[in-house]
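Notes follow the structure.
There are 2 protein chains.
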Amino acid sequence: MNVLIPFKLVNPKSRLSLFLSREEREKLSQFMLLDVLKAVSDAGVENVRVILQSNAEKIEKILDVDVEVDERDLDDVINDRLSRNTAVIVSDLPLLNGEILRKFFEKKGDIVLAPGRRGGTNMMLIRKEFRVSYHYGSFMKHISIARSMGLKVSIFDSFFAGCDIDTPDDLLEVLLHSPESKTGKYLREIGFRIVLSKNPCLVRVIKA
Amino acid sequence: MNVLIPFKLVNPKSRLSLFLSREEREKLSQFMLLDVLKAVSDAGVENVRVILQSNAEKIEKILDVDVEVDERDLDDVINDRLSRNTAVIVSDLPLLNGEILRKFFEKKGDIVLAPGRRGGTNMMLIRKEFRVSYHYGSFMKHISIARSMGLKVSIFDSFFAGCDIDTPDDLLEVLLHSPESKTGKYLREIGFRIVLSKNPCLVRVIKA
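In the order they appear, the protein sequences are chains A and B.
Using the numbering used here, the first residue of the first sequence is number 15, and each one after it goes up by one.
Using the numbering used here, the first residue of the second sequence is number 15, and each one after it goes up by one.
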């Protein structure tokens, strides 16, 4: 199994920019990547490549996996590296763990897709020739591309793999379900807390 | 297997009240309940009870399962009806289907919990004596209650069972993944559409 993880370092997670500074969003993204890499390692995968979508020496130093730089569009980045038995995993899944990934790798099908919120494809396992197409509702597009190529599509149904992080609501899921992940610890370090009113709320403690 | 489905008819889904009238939210809730009942039926369960949390003759007429009325707090409603081999399923899971439910019923554990967004417990399977406690982050509370009682807890990890409907973002998931459900058809009937900009957006067509 080959695992590809595309990673955007520069000004990531802009939908969180009302709540986190650019520097904080960059750190958050790095911690999420480290959590995903831990899950991949716990699942016993050795052949992992992180594809940096911008040149970034500082992150290369903290990773002990293969790193490549490719600043093109995500579709080109992935399609040029697709071979059979390749999994593509997005880098912002801090609720992922090795057990979930092991089940994902065992799931049958020519193409296995794990949905994310808002129509995304959070994880994809490719066992036959295929072309990805992110953006514009990739999950539905990937299903129809695969079917048009006569491939057998399986859906990998996971709440935890489905929690990619784009909005404050998503940060709440990290603190609820993965408080001890690197991402969860970082969020607490910079003041994020859960307040248990009737429904759990996310707050940020502002220092006086 | 006994299935309990609590259902609130009066002024439901208040977090959607900017986008849907009260009458529309009531209809939406009824269609979601019908989608959940279809999934339960497709999973081969015969012993199903809907517990109405307010007196509502009009909904009793459209359901062909056992209906009871109990206007107390949700915890009392459920705890008074818990017996071994009981599943409690919330009524706003239009992405659920029979195949997911069959896997859920087969999952081992004294207590099986399916998380919802925002710390909720969307489905719960109870095989030993237990007391539920909804509100204030029920998923974490149910885990700790079960552990304090020495029960074996399993987590049922499902994206589709995790999509309970509270916000416009959640409505988007219905149109993306279950457009042919009763809920999806109703949302389209009252003007909701997906617009595929770079990320899929939910819009409502306003008639001139």
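Ideal Cβ positions, reconstructed from N, Cα and C, are used throughout, including at glycine.
Source: prediction; values computed, not measured.
Coarse secondary structure for residue i, derived from DSSP in three states
i	result
isoleucine 220/A	coil
valine 64/A	strand
leucine 18/A	strand
leucine 77/B	coil
Beta carbon proximity, residue i to chain B, threshold 8 angstroms
i	result
isoleucine 19/A	no
arginine 39/A	no
glutamate 187/A	yes
lysine 212/A	yes
proline 129/A	yes
aspartate 171/A	yes
phenylalanine 174/A	yes
histidine 149/A	yes
leucine 42/A	no
methionine 154/A	yes
leucine 190/A	yes
Span of the beta strand (DSSP E) around residue i
i	result
valine 126/B	125-129
aspartate 183/B	Element bounds for aspartate 183/B: not the beta strand (DSSP E) but the alpha helix (DSSP H), 182-191.
glutamate 82/A	80-83
arginine 161/B	Run containing arginine 161/B: none in the beta strand (DSSP E); it sits in the alpha helix (DSSP H), 152-162.
asparagine 136/B	135-140
arginine 207/A	206-210
isoleucine 169/B	167-169
Range covered by the alpha helix (DSSP H) that runs through residue i
i	result
phenylalanine 119/B	112-120
alanine 101/B	That residue, alanine 101/B, is in no alpha helix (DSSP H); its beta strand (DSSP E) goes 100-103.
methionine 46/A	36-56
valine 59/B	Careful: valine 59/B lies outside any alpha helix (DSSP H) and carries neither H nor E.
tyrosine 200/B	196-203
valine 91/B	88-93
Within-8 angstroms CB hit, residue i to chain A
i	result
isoleucine 103/B	no
glutamate 194/B	no
phenylalanine 118/B	no
isoleucine 114/B	yes
serine 31/B	no
arginine 132/B	yes
leucine 165/B	no
Distance, residue j Cα to residue i Cα
i	j	result
glycine 133/A	leucine 185/B	12 angstroms
arginine 63/A	proline 20/A	8 angstroms
isoleucine 103/B	tyrosine 200/A	34 angstroms
leucine 48/B	cysteine 215/A	30 angstroms
aspartate 78/A	glutamate 113/A	21 angstroms
valine 188/A	methionine 138/B	21 angstroms
tyrosine 148/B	valine 126/B	15 angstroms
histidine 156/B	histidine 191/B	29 angstroms
arginine 95/A	asparagine 93/B	54 angstroms
valine 91/B	glutamate 82/B	10 angstroms
lysine 27/A	asparagine 69/A	18 angstroms
valine 17/A	leucine 23/A	19 angstroms
serine 195/B	leucine 110/B	10 angstroms
serine 158/A	glycine 198/B	20 angstroms
isoleucine 204/B	isoleucine 220/B	9 angstroms
glutamate 74/A	leucine 34/B	49 angstroms
proline 182/B	serine 31/B	10 angstroms
glutamate 85/B	glutamate 71/B	14 angstroms
lysine 52/B	aspartate 124/B	26 angstroms
Would you call the stretch 28-42 of chain B in contact with the stretch 59-67 of chain B, where contact means no fewer than 3 C-beta pairs closer than 8 angstroms? no
If we count Cβ pairs, one from each stretch, closer than 8 angstroms, do we get three or more for the stretch 199-216 of chain B versus the stretch 115-124 of chain B? no
Any contact of the stretch 141-159 of chain A with the stretch 92-107 of chain A, i.e. 3+ C-beta pairs under 8 angstroms? yes
State whether the stretch 162-178 of chain B contacts the stretch 167-184 of chain A, with contact taken as three or more CB pairs (one from each stretch) at a distance under 8 angstroms. yes
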